[in-house]
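If you're matching them up, the sequences are chains A and B in order.
The first sequence lines up with residues 8 to 232 when you count with this note's numbering.
The second sequence lines up with residues 7 to 429 when you count with this note's numbering.
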Amino acid sequence: MTWTDALEFLRGPLFRIAFLVFVAGLVYRLIRVVALGWPKDRVLSAGSKTKGVATTYAKGIGIFPFIPWVKQTFNGNAVTFLAGAMFHVGLILVIIFGTAHMLAWKSLLGFGWPTLPVPIIDWLAAATIVAMVALLVNRFTHPVVRKLSGPAEFLNWTLVFLPMVTGYLMTHHLFFRYEALFSLHMLTVDVMLIWIPFSRLSHFVFYFFSRTIHGAQFGKRAVTP
Amino acid sequence: MTTTQIALDTFVAETGGWVASQLEACTRCGICAEACHFYQATGNPDFSPVWKIEVLRKAYEQRMTLGGKLKAAFGIEKKIDDQELIDWSKLVYEACTVCNKCSMACPMGIELGPLIHDVRSGLAAAGLVPDDLAAAVQKQLDEGSPLGVTDDVFADRMDWVQDDWEVDIPIDKEGADTMVVFSSIEIMKFPENLADIARILNRAGENWTLSSKGREVVNFGFYEGSHEHTALFLQKLIDAAEELKVKKIVVTECGHAYDALRWTAANLIDVPKELEITHIVALMDKFVSEGKIKLKKGVFDGGGGIGFHDACKIQRRGGHIEEPRRLLNILAPDSFRELTPNKEQGICCGGGGGVIAIKEADPYRFAVFGLKIEQAEKAGADTVVMACSNCRLQFLDGIQHYGSELKIKGLSNMVAEAMEGGD
Chain A
8 MTWTDALEFL
18 RGPLFRIAFL
28 VFVAGLVYRL
38 IRVVALGWPK
48 DRVLSAGSKT
58 KGVATTYAKG
68 IGIFPFIPWV
78 KQTFNGNAVT
88 FLAGAMFHVG
98 LILVIIFGTA
108 HMLAWKSLLG
118 FGWPTLPVPI
128 IDWLAAATIV
138 AMVALLVNRF
148 THPVVRKLSG
158 PAEFLNWTLV
168 FLPMVTGYLM
178 THHLFFRYEA
188 LFSLHMLTVD
198 VMLIWIPFSR
208 LSHFVFYFFS
218 RTIHGAQFGK
228 RAVTP
Chain B
7 MTTTQIALDT
17 FVAETGGWVA
27 SQLEACTRCG
37 ICAEACHFYQ
47 ATGNPDFSPV
57 WKIEVLRKAY
67 EQRMTLGGKL
77 KAAFGIEKKI
87 DDQELIDWSK
97 LVYEACTVCN
107 KCSMACPMGI
117 ELGPLIHDVR
127 SGLAAAGLVP
137 DDLAAAVQKQ
147 LDEGSPLGVT
157 DDVFADRMDW
167 VQDDWEVDIP
177 IDKEGADTMV
187 VFSSIEIMKF
197 PENLADIARI
207 LNRAGENWTL
217 SSKGREVVNF
227 GFYEGSHEHT
237 ALFLQKLIDA
247 AEELKVKKIV
257 VTECGHAYDA
267 LRWTAANLID
277 VPKELEITHI
287 VALMDKFVSE
297 GKIKLKKGVF
307 DGGGGIGFHD
317 ACKIQRRGGH
327 IEEPRRLLNI
337 LAPDSFRELT
347 PNKEQGICCG
357 GGGGVIAIKE
367 ADPYRFAVFG
377 LKIEQAEKAG
387 ADTVVMACSN
397 CRLQFLDGIQ
407 HYGSELKIKG
417 LSNMVAEAME
427 GGD
């Protein structure tokens, strides 16, 4: 078997299986949580739950990550805030607006979109990788985060880090043959996709639950969340 | 059944989608620690809010998720045992006031306060409430009050306050619109609150009454987290209100009781929809804006800076953030200073959530109180005003502990003092 054969398998059938596990797994997780039941809130509201929810999303997505002193918790968590924000922004931009990624999306969805120039994506990818290393170091040096870090946290970190590093090496033709790096990139992407529904990497789905609950609870009391 | 079993069963029983989705959302980033005054004051990572709900997360995962079951089966994660629960009892009762500031710091918006309350519920069911708190709950069950306000004591105190302060306090008046419920702290330690609040209500022409049956608004069942006891104590109040056919219950200067009655009761017991539940701070503000009482402007100016302490259960979790500020801007427009942080971001006094009732928690609550002294100094406030008698008790203990010169005032007392026209 050559690297080309391996690549065909990893980006073809295995990728499709991985994507299926990713989607089906998340749907299963969602259904499980929703099916646990949601008792009705019978307390009379003093304010508007909708307004609270809208405010908390605006703050949570629009303001909070970029103006850290809004919530006055920046000082003890500078690395988590800065590297965390860099990681999320970089990851999302590279996955959506990198040309190669867009083409992968296009083959899945049937349509494409304009992408960012290569040098920008390249710098974003590098910054994202640096951010991840900073977050790892922070897991050892910050007393609270160290306490919270177990095998699951380090496994999650590794399974996200590998696709990023292999992707970066691949675009720069470093160390190994292109096909070999491409294969490793696809392999690690497949593994990560399969792992997401089984781990806390799925937090991006449940974010919408906790944010909504938070906004509604504060809005109900007529307090700015 | 073992202690651990009972606690775990309670955790599982109370884990609906509301709890589970929030536990799933946590990324274990640890940012919440920085919002917790117990962590800020001590630097102990055990006190980070996310760590306080660790047992709830474990119980949920090990009992209800595939990944958690596998982790427990292969020994990657230790199963919860009795000792672990005993350790957590210290964390959630002694180093948490359930002030819920952590939920504001959480990037995912997880309502950590209510989740910590759920941890307390499991521990309460398993009988792992700290002795002092458990004793107070027992006293409320036996005598109707954690501070010993029995029928006789209540009647005596009310007679005494009416005589000494020369103020009318209607008791069990049928046909009244408003039932006022005092906390036992006010009845036993701040009787001037009774007199002053009575004076304010009388002056405003409010048709009000106390109830001898629903006389105790403090809810130690809510502190310990027992749904059963919480509901029992709440039911007494609702029964009393229905018996007297009042339209409104006014909670006086007590935070946790307000949280229980205003924001929890309807989800635990049947509360008539048309029954309004409000706080004295909101009512005083309403009286002023409607012109029912008139306050002399600036009576408290000229004696140094006056700061307002935001009580976690009355401001952040109660929603009465602007009312006390409007009042203070009349009472002391020139000397009123905001402490930083304030309003919904305010730092809790450190004595709430039952912490003040637990002797072993003293070192923690005093450590936390250091933050309040710092806040007052930075704002240039010699006096700190608040609308919660539990906070006031903590402030009085705290300034004594630190030998601070800070002066403490209750907002209702100030309003009564500033009312125009003699009695």
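Idealized CB from N, CA, C, for every residue including glycine.
When Cβ-Cβ separations below 8 Å define contact, isoleucine 116 of chain B makes contact with chain A. Exclusion of the five residues before and after phenylalanine 226 of chain B leaves Ala142, Val143, Gln146 and Pro152 as the residues of its chain whose Cβ lies within less than 6 Å of its Cβ. Aspartate 174 of chain B sits in coil when the DSSP states are folded into three classes, being neither helix nor strand.
If you check the CB distance, tyrosine 66 of chain B and alanine 131 of chain B do not come in under 8 Å. DSSP, reduced to helix, strand and coil, places alanine 65 of chain A within a helical segment of the structure shown. None of the residues of the region 381-406 of chain B has a beta carbon lying less than 7 Å from any beta carbon of chain A. Among the bridge pairs identified by DSSP, histidine 285 of chain B is matched with B:Val257. Scanning its chain for C-beta atoms nearer than 6 Å, with the 5 sequence neighbours on each side dropped, one finds around alanine 229 of chain A the residues Ala53 and Gly54, in chain order.
Look at valine 143 of chain B here: in three-state DSSP terms it is helix.
Residue contact check for asparagine 348 of chain B against chain A: no CB pair falls below 8 Å. The alpha carbon of tryptophan 202 of chain A has as its nearest neighbour, out of A:Val50, A:Leu116, A:Asp48 and A:Trp164, the alpha carbon of A:Trp164. Look at the beta carbons and you see the region 237-257 of chain B touching the region 268-281 of chain B: at least three pairs across the two are nearer than 8 Å.
About 10 Å separates the beta carbon of leucine 334 of chain B from that of leucine 301 of chain B, a gap too long to meet the 8 Å contact definition.
With respect to the 8 Å criterion, alanine 141 of chain A and alanine 90 of chain A are classified as neighbours on the basis of their beta carbons. Per DSSP, the continuous beta strand (DSSP E) segment holding alanine 387 of chain B begins and ends at 387-392. Listed as beta-bridge partners of phenylalanine 314 of chain B by DSSP are B:Val391. In the DSSP annotation of this structure, valine 104 of chain B is not part of any alpha helix (DSSP H), being labelled neither H nor E. Secondary structure of valine 40 of chain A (DSSP, three-state): helix. In the structure shown, glycine 32 of chain A adopts helical secondary structure according to DSSP, grouped into three states.
If you draw a 10 Å sphere on the C-beta of methionine 110 of chain B, you find 16 or more other C-beta atoms in it, and that means buried.
The C-beta separation of isoleucine 353 of chain B from glutamine 381 of chain B comes to about 7 Å, placing the pair in contact by the 8 Å criterion. Within 8 Å of the CB of glutamine 28 of chain B, the CB atoms of chain A belong to Phe213, Phe216, Ser217 and Ile220, in sequence order along the chain. Annotation: the continuous alpha helix (DSSP H) that includes threonine 87 of chain A extends over 85-104.
Here valine 50 of chain A carries a coil assignment [DSSP, helix/strand/coil]. Rounded to whole angstroms, the gap between the alpha carbons of phenylalanine 375 of chain B and glycine 310 of chain B is 21 Å. If you draw a straight line from the Cα of phenylalanine 215 of chain A to the Cα of phenylalanine 314 of chain B, it is about 35 Å long. For chain B, the residues of the region 39-52 of chain A that bring a beta carbon within less than 9 Å of one of its beta carbons are Arg39, Val40, Val41, Ala42, Leu43, Gly44, Trp45, Pro46, Lys47, Asp48, Arg49, Val50 and Leu51, in chain order.
A residue is called buried once 16 or more other Cβ atoms fall within 10 Å of its Cβ, and proline 20 of chain A, having fewer, is exposed. Not a single C-beta of chain A is nearer than 8 Å to the C-beta of asparagine 199 of chain B. Comparing C-alpha distances from glutamine 400 of chain B to each of B:Lys64, B:Ile191 and B:Leu139 shows the shortest one belongs to B:Ile191. Here the alpha carbon of aspartate 170 of chain B sits roughly 19 Å from the alpha carbon of glycine 416 of chain B. The Cβ neighbour count for serine 295 of chain B, taken over all protein chains shown within 10 Å, is under 16; the residue is labelled exposed. For a cut-off of 8 Å, the C-beta gap from leucine 17 of chain A to methionine 193 of chain A is around 4 Å, short enough to register as a contact. Interface with chain B (8 Å Cβ-Cβ cutoff): alanine 229 of chain A is included.
When only Cα atoms are considered, histidine 95 of chain A and glutamate 15 of chain A end up about 30 Å apart.
With respect to phenylalanine 213 of chain A, glutamate 30 of chain B sits close: the two C-beta atoms are nearer than 8 Å.
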